[in-house]
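Structure first, commentary second.
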Amino acid sequence: MGENGAPKSAIELAMERLRKKDAEEGVTTRTLTDEEKAAIAEVRSLYDAKIAEQQILQDAALRRMYGVDPAEVEEVERQFRREKERLASERDAKIEKIRRG
Numbered sequence: 001m002g003e004n005g006a007p008k009s010a011i012e013l014a015m016e017r018l019r020k021k022d023a024e025e026g027v028t029t030r031t032l033t034d035e036e037k038a039a040i041a042e043v044r045s046l047y048d049a050k051i052a053e054q055q056i057l058q059d060a061a062l063r064r065m066y067g068v069d070p071a072e073v074e075e076v077e078r079q080f081r082r083e084k085e086r087l088a089s090e091r092d093a094k095i096e097k098i099r100r101g
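As structure tokens, this is what we get:
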């Protein structure tokens, strides 16, 4: 039962189990400071802008390729996906570095 006497939801039960498992494994959690939260928000905003810029560049490239071999179009799309994945990975690494302190 929860604090107010109502049964716990499946999510609450799962979170309880995860907290217990983390405690057993010695994993500690800490609350992010306001500065860390702001830094994370700034990193996300910056990388969202970079990804949007790449989307605009890809759209422009695809418009110029109207009537071109589909294999070339596929290559442009593949390059965009790869660049988007690289930016997302870079963003996630920076956020993780901020979280670790």
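For the sequence shown, the positions run 1 to 101 when the working numbering is used.
Built from N, CA and C at the ideal position, the CB exists for glycine as well.
Can you check which of these residues, the options, is closest to residue i by C-alpha distance?
i          : options           : result
residue 91 : 67, 71 and 46     : 46
residue 84 : 42, 65, 55 and 73 : 55
residue 53 : 80, 21 and 41     : 80
From residue i to residue j, what does the alpha carbon distance come to, in whole angstroms?
i          : j          : result
residue 33 : residue 77 : 39 Å
residue 65 : residue 86 : 24 Å
residue 30 : residue 99 : 9 Å
residue 39 : residue 51 : 18 Å
Tell me the residue span of the alpha helix (DSSP H) that contains residue i.
i          : result
residue 97 : 70 to 100
residue 18 : 10 to 25
Compute the beta-carbon to beta-carbon distance between residue i and residue j, rounded to the nearest angstrom, for a pair I have assumed lies under 8 Å.
i          : j          : result
residue 11 : residue 43 : No, residue 11 and residue 43 are not in contact; Cβ-Cβ is about 28 Å, not under 8 Å.
residue 62 : residue 73 : 7 Å
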